[in-house]
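Right, one structure below, let's go through it.
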Amino acid sequence: MATVNMVQALNLALREEMDRDKDVVVLGEDVGKDGGVFRVTDGLFARFGPERVIDTPLAETGIVGAAVGMAAYGLKPVVEIQFMGFIYAAIDQLFSHAARIRARSRGRFTGSLVIRTPYGSGIKALEHHSESTEALFCQMPGVKVVVPSSPRIAKGLLLSAIRDPDPVLFLEPTRLYRLIKEDLPDAEYTIPLGKARIAREGKDVTVIAWGSMLHRTLQAVEGFDAEVIDLMTLNPFDEEAVLQSAKKTGRVVVVHEAPATCGLGAEISATIAEHAMLHLKAPIVRVTGYDVVLPLPKLEDYYLPSIEKIRKGIETVLKY
Amino acid sequence: MATVNMVQALNLALREEMDRDKDVVVLGEDVGKDGGVFRVTDGLFARFGPERVIDTPLAETGIVGAAVGMAAYGLKPVVEIQFMGFIYAAIDQLFSHAARIRARSRGRFTGSLVIRTPYGSGIKALEHHSESTEALFCQMPGVKVVVPSSPRIAKGLLLSAIRDPDPVLFLEPTRLYRLIKEDLPDAEYTIPLGKARIAREGKDVTVIAWGSMLHRTLQAVEGFDAEVIDLMTLNPFDEEAVLQSAKKTGRVVVVHEAPATCGLGAEISATIAEHAMLHLKAPIVRVTGYDVVLPLPKLEDYYLPSIEKIRKGIETVLKY
Amino acid sequence: MPESVIESFHVKRLDILDEHGKVDESLVPTLSDDELKKMYELLVLSRIFDQRALNLQREGRIGTFPSMMGQEASQIGSALAAEKSDWIFPSFRESGVYITMGFPMHSLVQYWSGDERGMKIPEGLNIFPLCIPVGTQIPHAVGAAMAAKYRKDRVAVLVYFGDGGTSRGDFHEGLNMAGVFKLPVVFLCQNNQWAISVPREQQTASRTIAQKAYAYGFDGIQVDGNDVLAVFKATKDAVRKAKDGGGPTLIECFTYRIADHTTSDDASRYRPKEELEMWKAKDPLLRMRLFMKKKNLWSEAYQKEVEARSTAAVDEAGKKAEAIAPPDPKDMFTYTYASLTQRLTRELRDF
Amino acid sequence: MPESVIESFHVKRLDILDEHGKVDESLVPTLSDDELKKMYELLVLSRIFDQRALNLQREGRIGTFPSMMGQEASQIGSALAAEKSDWIFPSFRESGVYITMGFPMHSLVQYWSGDERGMKIPEGLNIFPLCIPVGTQIPHAVGAAMAAKYRKDRVAVLVYFGDGGTSRGDFHEGLNMAGVFKLPVVFLCQNNQWAISVPREQQTASRTIAQKAYAYGFDGIQVDGNDVLAVFKATKDAVRKAKDGGGPTLIECFTYRIADHTTSDDASRYRPKEELEMWKAKDPLLRMRLFMKKKNLWSEAYQKEVEARSTAAVDEAGKKAEAIAPPDPKDMFTYTYASLTQRLTRELRDF
Ligand SMILES: Cc1ncc(C[n+]2csc(CCOP(=O)(O)OP(=O)(O)O)c2C)c(N)n1
Ligand SMILES: Cc1ncc(C[n+]2csc(CCOP(=O)(O)OP(=O)(O)O)c2C)c(N)n1
Ligand SMILES: [Mg+2]
Ligand SMILES: [Mg+2]
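Chains as they are written, first to last, in the working numbering: chain A, 192 to 511; chain B, 192 to 511; chain C, 108 to 458; chain D, 108 to 458.
If you want it as structure tokens, here you go:
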């Protein structure tokens, strides 16, 4: 039983899956010799060689576009985009093709590929290195979006993502890369996409979060009888689990670091407002980043939902 | 007083503003000699010449990227993207730069530019020619998103968009281009961004829509005492108007042709669920396109919110 | 030491069959009479299919359609140089390529009538559905070639795009990757001189499209795109080079879009009539006919017979397409994901 | 008629000052002694600033920092060829360019400490904030040049990017537009042989970066990027050509990234030590010193004096930056839009 951080867990998942299935290839900038700027692909180049662990030119459109062709040919490409802030150039290929090739070819070709990318704030990084625009991708039919919240979960979800027949955007919270260590079972395991996880049971309020905000949330709920849901798959998200908990507690707080406007919190809130309204005892509160251009490190902490802000949100809904 | 359709109204707005302000330039694919594939820039090339009405190479990233540089230099570029389905390659330049250059340069440079693009379904077009992904753009702080619903409104909003100091995505509903004619006042007028419009007063239910769906909505509400809001500016949207009406009627239906998931309806619903919950008598219902890859013409009508579907949504909330 | 030349390039052009049916014997590809006839018959069939599609559109039986008229030699000549096992990535104007590769014509008609079921790719045919966002198919071809190389399959990948497509970042990123990894790709640019209303000189300032290959470290060549023999030879050579590990080639087929951009376009708004007339004289079918005649492979009777056969096949395709029952509205839920999500299940239930 | 050559190119390389301080007199740009000294002093200042920044990062007083060590000649030589009225679009490694253009050093320190206020561009200085998404600044420069041309302003636009940047679609679309519209842009590629861990040969298969210009119909030239005189001359010529309506030029500064990619990188994981040593011998400051010495413009005393002055200026900048009070948290609401939206007003109120 290995005790590992998330980087190591992801690395293990890649290595084991590449050992198991030689159709799995890794490509991206600096994923080879360098092992990726966060070392998630460390050692894979030495183990599998340059044909399977491919250092590409600096070209996000081309990388994801090539992955579409590889997937159509029958491989299982796992792309690394160095930071989520650099994925925008790949959106056209992801939305116009990866998400649609199954429909366009009536199932003959699939966009079965994974795009891994570090995301989120909280590591005092340069501009464009702290993006959290997950909701952009949840909006496009055909794309799946996954965010792990711990090493164990990261490994299980990544294996499922690689084996999934549809394109999966796999968002890795940089803040969690080395923050937590966990024991991994030796036996192979996967965690299904599309299912949420009750991270903590409770009766008075449901708090929904994912990625690095899940941890702040778990700290924030101390002292409340709160149920905490770790969404894990953001699209398609586990409506049933969310609605069930919302109906049970009658109070909902959604936490994410992206700005409020059109963030995933909006979709979750709207889904509840549409399908569980009569069970609600209080307004649905969103605790999110502000609707501003992401500030640089000096103001990062003021931008992010803090434990205090999350507690305030919970207290607000508990007032009713 | 001229009676014109939306294409003519937009053309007038461009011509008058270019006459008024020589910093305004138009650029895009086929906007010159051809006058744009929908003829919105018809006659501008002859009137203002190739330096101001610029036929560009086929390069959406470069076009919007160049517009960022033009705006920084002090011009007011009005970009035409031939169809919204081709805007994805420009998202990186729009999100990473147009939306942020003001913040990045601390106000020294601004992303004061307009991106016009035909959008929406309902004209039996080819794949990628019916996109309605407006919510993608509402999510990015720094970007404004505008959708006109009539010729008169289109002219007033486009003038405001061109004069706006921030980047504006101006979405033109292709279905409305030639559907409606309206009289335009001879005197110059503008319609402020950020303000919604009560298209119809009512007491029992608030129905929120924009663009081509507004017209279906106005037909659908026949016989109901419904208040219809034409949002006009999708980002930043007029929260006050929306909340005021929602509080008044206690029942809300949002209509848009984009899929439900993470559509703008989600944000509107969430805003109401957060700030007007106690006034609500019924769940907030979204009548939207399905969460599928947009079908081709033969199934288009089944995909779009129909008058019947909108009426069903209204009846649903009126049951409470 | 001072100013020194460190690299030189020479861009070549290949012409074999001229407008008068005269050929450069030293370059004519070795093709049997049957192969030459097949080539010619495909040119005729494509032309007749194209004309029919334009008629169907006028009659409102299909939607917007992009005619390939004038580009038959570029499409048939290149597609004939591919084997069935090769991978083909068309753009949106490649009816001639689909037909040559054996894609059912009635499916094309069905697709253009607004029915996605027409793009169901038959098993065993490695051709991609047509790609509408200009240039975006280029990286797909590069990725397929990476996969083929990784699997050590002896296949070439052909990807089609226009002169306008060369301006897109996808072109650049795709060709650059193909050069770096020395991939078995043949980049086929049909330079038909126009991108809707934008003439070739305003699309790029380079004298040729072919020379763009040198930015990526491989060869480019311009061929007379109305000369089916030249296109065939250049593509055949590039396909062989690709399969032999020689890496990618960029082929610029210098041709012309005779029709409007699509049926929604009116080229008279922006295109000089004289230019059109000048190019009509370069018709790829005409010159091939003259060549065949010299070889005693062509006669009036043969022409009539070929046209009759082609027309019958196109009639058949039209009938077959029209006979297909409209899609079940629920069909739209089928292919977004491999299986229905919770939400899609609910939406389908309430549909 | 058969296979004919229709276009030829010759890529040139410019070298003026070699590693031993020897110059090609026929090519040395005419610079006064004061101008040469200014040039040398900027090389020294940039080097000292760079070293200081690396120290500040080690001490945790600034965040991640990309060193420009080894590229001083490319940056100072090119920036000195621009006038104050010209427009400059740096990438993210151009400390030397900012310093040469007169951007306050303390602002650079402030910016790298994670404070956006450091990127407030002083009025009258036409330099863009640094650009982190690789290559995306290239279209901005092209747009600014379109605007300048439209306004008939006699300005050149200089845009900086790396070898890795040439792989991005933005590079392609930007250079292509510049060629089509014959814009006054100087494209300055600092080919420092590496894009983080990706060596130049894996970035593109073309022998040179310079030759990529011919894909866009204008000239490209490779210069010894460690030779400040060659970089200055090539840029000066390109700037003049731009202002005279001659259109764009691509300049490949052939240089080397001596330090790690950034302070978060460890180049020893992927880069051969010998290569690094080989390039250290080509140090741009050293050869300029030898040249100055031959011209009796350099002495030990002078060196000490220049270093002292530079160190004092850098100390001063550091102090000034550290003395700045931390930003007001509410500052983050100020520049997203020209004025606060309804929502931002609420968020600010509840802040
Ligand atoms: C990315 C993108 N932008 C714009 C369009 C609209 N459009 C369709 S075809 C076309 C011109 C294409 O020209 P070219 O590449 O030369 O191909 P051709 O039409 O000549 O066959 C344009 C602008 C598109 N389909 N995709
Ligand atoms: C679009 C984009 N992708 C990835 C990155 C991460 N990254 C930062 S610098 C760099 C390498 C850049 O190499 P080059 O262009 O040669 O410039 P250099 O670092 O050598 O100065 C990469 C991959 C980025 N900043 N932007
Ligand atoms: Mg063309
Ligand atoms: Mg480099």
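Cβ atoms here follow ideal geometry from the backbone N, Cα and C, with glycine treated the same way.
Any non-hydrogen atom of ligand 2 within 8 angstroms of residue i CB
i	result
C/Glu110	no
A/Phe277	yes
D/Gln310	yes
D/Thr243	yes
D/Pro173	yes
D/Cys240	For the record, residue 240 of chain D in the displayed sequence is Pro; it is not Cys. Result yes, Cβ under 8 angstroms from ligand 2.
D/Phe294	no
D/Ala428	no
B/Arg243	no
C/Lys280	Rather than Lys, the amino acid found at residue 280 of chain C in this sequence is Glu. No, the Cβ of C/Glu280 stays beyond 8 angstroms of every heavy atom of ligand 2.
Chain-ordered chain B contacts of residue i [CB-CB under 8 angstroms]
i	result
A/Leu495	None at all; the shortest Cβ gap to chain B is about 15 angstroms.
Chain A residues whose Cβ lies nearer than 7 angstroms to that of residue i
i	result
D/Gly271	Leu249
Coil, strand or helix - residue i by DSSP
i	result
B/Leu189	A question about residue 189 of chain B goes unanswered here, because the residues of chain B that appear run from 192 up to 511.
D/His117	strand
A/Leu201	helix
D/Gln329	strand
A/Lys267	strand
D/Cys296	strand
A/Phe300	coil
D/Trp405	coil
D/Thr356	strand
D/Ala186	helix
C/Leu447	coil
A/Trp401	coil
B/Ala449	strand
Chain-ordered chain C contacts of residue i [CB-CB under 7 angstroms]
i	result
D/Lys389	Those do not exist, as D/Lys389 stays about 14 angstroms from chain C at its closest Cβ, beyond 7 angstroms.
Per-residue contacts from residue i into chain B (C-beta, under 9 angstroms)
i	result
A/Ile475	Ala461, Ala464, Glu465, Met468
A/Pro356	In chain order: nothing, as chain B lies at least about 15 angstroms away.
Neighbour list for residue i in chain B, Cβ cutoff strictly below 7 angstroms
i	result
A/His319	Ser287
D/Arg456	What D/Arg456 touches in chain B: nothing, since even the nearest Cβ is about 13 angstroms away.
Contacts of residue i in chain D (Cβ-Cβ under 7 angstroms)
i	result
C/Glu114	Val118, Arg314, Thr315, Gln318
Contact test: residue i Cβ vs ligand 1 heavy atom, cutoff 8 angstroms
i	result
B/Gln273	yes
B/Phe415	no
C/Phe199	yes
B/Glu322	no
B/Glu448	no
B/Glu251	yes
Contact set between residue i and chain A, taken where Cβ atoms lie within less than 8 angstroms
i	result
B/Gly333	Val484
Interface residues of chain A facing residue i [CB-CB closer than 9 angstroms]
i	result
C/Lys227	Ser296, Arg297, Gly298, Arg299
Under 8 angstroms by beta carbon: chain C residues contacting residue i
i	result
A/Leu205	Within chain C, no residue comes near A/Leu205; the closest Cβ sits about 17 angstroms away, beyond 8 angstroms.
Please list, in chain order, all residues with a C-beta atom less than 7 angstroms from at least one heavy atom of ligand 3.
-> For ligand 3, the selected residues are C/Gly269, C/Asp270, C/Gly271, C/Gln297, C/Asn298, C/Asn299, C/Gln300, C/Trp301, C/Ala302, C/Arg364.
Meets three-Cβ-pair contact criterion under 8 angstroms: the region 353 to 373 of chain D and the region 319 to 330 of chain D = The region 353 to 373 of chain D is in contact with the region 319 to 330 of chain D.
Mind the definition here: the region 447 to 461 of chain B touches the region 470 to 487 of chain B only if three or more C-beta pairs lie below 8 angstroms; say whether that holds.
-> Enough Cβ pairs lie closer than 8 angstroms, so yes.
Please confirm if the region 265 to 275 of chain B is in contact with the region 209 to 224 of chain B, defined as three or more CB-CB distances below 8 angstroms between the two stretches.
-> yes
Of all the residues that make up the region 425 to 451 of chain B, which are near chain E by a beta-carbon distance shorter than 9 angstroms?
-> Note that chain E does not occur in the displayed structure, where the protein chains are A, B, C and D.
Answer yes if the region 194 to 208 of chain B comes into contact with the region 368 to 385 of chain B, meaning at least three C-beta pairs across the two stretches below 8 angstroms, and no otherwise.
-> yes
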